[in-house]
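In what follows, a structure is listed as structure tokens, so that the remarks can point back to it.
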Amino acid sequence: MLDKAYNPQAVEDRIYKMWEESGAFKPESCPADGEPFTISMPPPNATGQLHLGHAVMLALEDIFIRFARMQGKRTLWVPGTDHASIATESVVIRKIQKEEHIADPRKSLGREELLKRIRQFVESSRGTIRGQVRKMGASCDWSHERYTMDPALERSTYAVFKDMYDCGIIYRGHRMVNWDPKLQTTLSDDEVVYEEEKSPLYTFKYGPFEISTSRPETKFGDKYVVMHPDDKRYKKYKHGQTFDAEWINGPVRATVIKDSVIDMAFGTGVMTITPWHDHIDFEIAERHGLEKEQIIDESGKLLSIAGEFAGMKIEDARPLIVEKLAAKGLLVKTDPAYVHNVAISSRGGGLVEPQIKLQWFIDVNKEVVPFVVRQAHHDTAQGDTKLMSLKQIMHAVVHHGDITIIPDRFEKTYFHWIDNLRDWCISRQIWWGHRIPAWYKGDEVYVGVEPPKGNGWIQDSDTLDTWYGVSQWTWSTLIDPKAAADPSLSLADILKRSPDFQTFHPTSVMETGYDILFFWVARMILMTTYATGQIPFKTVYLHGLIRTRDGKKMSKSHPETMIDPLDMIAKYGADALRLSMIVGQSPGADSRLYEEKIAGYRNFINKLWNASRFVLLECEKAKIDLSQLRASSFELRELSLADRAILHASEVLVEDVTKGLALYHLSEVGDRLYTFVWDFYCDWYLELSKGTANHAVLVHVLRRILKLLHPYCPFITEELWASVKPKEAGMLIAEKWPVVKQEHKDPAAEKDLLILIGVIQAIRKLRTDQNVEPGKEISVTLVSGKHSALLESQESHIRRMGKVGSLTLLTKAKTMENVATAFLTDIEVHLSLEGLVDLEKEKASLIKEQEQLQKFASGIEAKLGNEQFLAKAPATLIDEQKGRLLETKDKIQKIEERLKQL
RNA sequence: GGACGAUUAGCUCAGCUGGUUAGAGCGUUCGAUUCACAUUCGAAAGGUCCCCGGUUCGAAUCCGGGAUCGUCCACCA
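When you read off a place in the first sequence, starting at 1, and then add 182, the result is the number in the working numbering.
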């Protein structure tokens, strides 16, 4: 027999082990003819702990997977980890600095030694992560576990690089990049965040002009003034005209440039440019063929062009430069309250300094990729191959509905991102990651999966952006490692010889946080459509961020705000944690989590446990072997009202849950199950069963609940299943999803039960209010009360139930539950109904309803009398209006009759 | 500057395509309880559905405008 309370710690690990050892997570355990259903688990960074973001991701994906598995689909969930180049390298470097007091581990240890240390660190992190994913109950196929630096994935990363290079999509060139002086590497545009900062805006005299800047330290090399061609104030200056100006370190010769990018309303409408350190300035310089000069070096110090300031850090030099210009009489004014955005590295937290550097880029605008827009419905014929740019492909597959994003408003965000997308800088000046497969000898460049033959080739020292490799995740994880190890095969051949890829790609759902829509989801679409010609996934489900009770972001810098999923699992169990993160969370929207919420769902889990315990005890009392009970063990005709009602409700539940899950309405479905179990099954049906239990129905409905709830709460449902399952059944994880039994549907029964519930509530109220002793005959009116509203006509319903006419209530019954029992088992019950009802209240509400209905009726009448309406509206609509009018008039009449009675 | 989202009970949130008296959980108050469960049961109090207009017989819901908060993108020389 079950314990009095559910103890997740004693159950979860054992159950997980049982699942894993049985092979239930593997697609081979699913029906061979099942429709494939695949999820690629977004790989956590191999840097250590799992947080709530991972927990919510695992919970959601596990629900999708378990639901699909129970529906008989051939289900594969691929787990894995990401080497996370920058993040991991900096974590390990910081660790070494702290633990071994080595100031610059890169310098002291050298490339090979540092990589060795990182590898060790990653190995242990991966072990930790595996354990934590299991704790959440994630039913992923561990035999398919992958790592972004597995040989097969490395191979595909290099192969795609070479392919893109040959195609002209990947190029190497001097371009403006985001340089992180602190981490000494480039960053992608998406890795830069902007923060508001107040810093003075200085206005200086520059020849005949006045220019403003918040960064005087970049202005040493400025020798162009730019203004709008339509600016009347500067009409007399011609494009290309030169003039001399006194500047920081003496006189300079400057040139006038006219460019319409200038905002005439800002400041004086004139600016000087620094093309080496500013995106916009770079573009202006490119447009007009202007010279570019580097002012700031890679560590954020001024170069020799700064003269006496050379070698100084920019923040130190700034005030001195202002001082010098002021001394020269060139400072016109200072606006100390100026607010602007500064670029910050989301990786290292330091300032980002734009620089021109020789880097590797992906061209997103070159129309050279042959692509078939498969489901193109409108503007492209089926199977028509077009040469498209990566941008166009990314746009097309979402636009044409090959990929659906949930919630759909993010599609707009996605398109907007594509519109603003610039070429993607993919080289990073760090060591940990996929090293760029390019080799140099003098001016020669060789790009290939394998190093070139011959001596004197030096490999590029940079590595690829982490997102480059992991953008292949949905399919590189499905590559057959043996095929990938064969150097004679092309990527296309490798894919052809990878059965998993052939069966399970494109994947079904990509579930991840909306915060990495750009970093990853968009880039997966780019990379996968390019490399395989397939979309990576059919549906994107974006979850929101989990925030604190106050709506703040949980952050490592404020440990008190953090909720550790493992702590919560230890305290409340994984099932409770899962529910607390799913119910009340809608896709794409942030939600708040706090301990009481989790405790609430722990209570629910325990409620389910005790309901099952009750069922088991009842069966034991009656000496019934419940493993023999089936839905065929009861005759529908012989069932009590409560039995018929719960059967009906459970059928409707199956419909709702199945439909809801298919539409990814997880929160709604979770709430529906919660309410059904607690309010209906436990609070009503089990109560009504006391004394007169129909064991077969009790067990049948409980089994349904366990099945429907299994995707949400896999542990407890599996544990209970062992006690209540039919003899021949196996584990719940492998059970078939319930199908609706139409013959069990009986809407009238549910309605009638609601009336009964109304009766019981009325009696209860009477007993409390009027302090009626057991054994005394009481008078109750049934008309009022919450549930009366559900009745068309109570009298007729009660008559239909055939039990209430001139009945006497036996208040001998000790509890109200027994009254109900008596009611159900044909013991004669007398209800005389005076005394409880508030006639005035009923009258008032009837009058109100009557007024409303009359208004409604007059509205329709007016419509039907309106010639314009009759001319425009279709005949069916007019009929419908007529029908509604009759119905309404009928209702009004009934109300009038009732009012007369009162 | 552009886009998106939110605003419903003290708190956290449901409320789908307009339709009976706007719901739940937590919290509060009152009461119950040997009989599955105090991780329980029953009940009560608590709401200008952010504001103003409009459409409609009828608006928390649809439309327009505004306010406040939040998020993303762009970016200011």
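We put the CB at the ideal spot given by N, CA and C, even for glycine.
In this structure, T367 sits near Q611, with a CB-CB distance shorter than 7 Å.
In the three-state reduction of the DSSP assignment, P681 falls in the helix class. Here DSSP, grouped into helix, strand and coil, assigns P333 to helix. With 16 or more other CB atoms across the displayed protein chains lying within 10 angstroms of its CB, Y650 is buried. Counting only runs of 3 or more residues that sit fully inside the segment 419 to 506, the beta strand (DSSP E) segments are 424 to 429, 432 to 440, 452 to 454, in chain order. Taken in chain order, the complete alpha helix (DSSP H) segments of 4 or more residues contained in the segment 208 to 289 are 234 to 252, 267 to 282. Taking C-alpha positions only, G695 is separated from A499 by approximately 42 Å. Less than 7 Å separates the beta-carbon of I1077 from that of Q1032.
Distance from the CA of W614 to the CA of I544, rounded to the nearest whole angstrom, comes to 21 Å. In the three-state DSSP reduction, W599 falls in the helix class (H, G or I). Counting along the chain, the unbroken alpha helix (DSSP H) around W649 starts and ends at 648 to 652. Contact check for I466 against D441 passes: the beta carbons are separated by less than 7 Å. Annotation for Q541: the continuous beta strand (DSSP E) segment containing it runs 535 to 544. Boundaries of the alpha helix (DSSP H) around P896: 896 to 906.
Within the model, the alpha-carbon separation for Y723 versus I587 is close to 6 Å. One alpha carbon belongs to T645, the other to I618, and they sit about 5 Å apart.
For W361, the enclosing beta strand (DSSP E) has its first and last residue at 352 to 362. In the same chain as F303, and ignoring 5 residues on each side of it, the C-beta atoms closer than 6 Å to its own belong to V274, in chain order. By the 16-neighbour rule on beta-carbons within 10 angstroms, F448 is exposed. C-alpha of K417 to C-alpha of G715: approximately 54 Å in a straight line. L383 and L513 have their alpha carbons spaced roughly 11 Å apart.
The bridge partners DSSP lists for M570 are V551. Of the candidates E217, F686, I221, M183, the residue whose Cα lies closest to the Cα of T721 is I221. Residues of the same chain with a CB within less than 7 Å of the CB of Y867, apart from the 5 flanking positions on each side, are A824, I828 in chain order. A distance below 7 Å separates the beta carbons of E932 and A831. A straight line joining the alpha-carbon of Y596 with that of A844 spans about 24 Å. Boundaries of the alpha helix (DSSP H) harbouring H877: 877 to 891, taken from the DSSP string. With respect to the 7 Å criterion, D642 and A665 are not classified as neighbours on the basis of their beta carbons. In this structure, R731 lies away from A758, with their beta-carbon atoms at least 7 Å apart. Looking at the DSSP output, I640 shares a beta bridge with Y622. Nearest to N431 by alpha-carbon distance, out of M706, F683, L365, T400, is T400. I728 carries a strand assignment under DSSP once its states are collapsed to helix, strand and coil. Judged by their CB atoms, L569 and V550 are nearer to each other than the 7 Å cut-off. Going by beta carbons, L818 and A878 fall outside the 7 Å limit. Between T330 and H265 the beta-carbon gap is near 5 Å, inside 8 Å, which marks them as a contact. In this structure, L507 is the residue among L507, H522, F207 with its C-alpha nearest to the C-alpha of K515.
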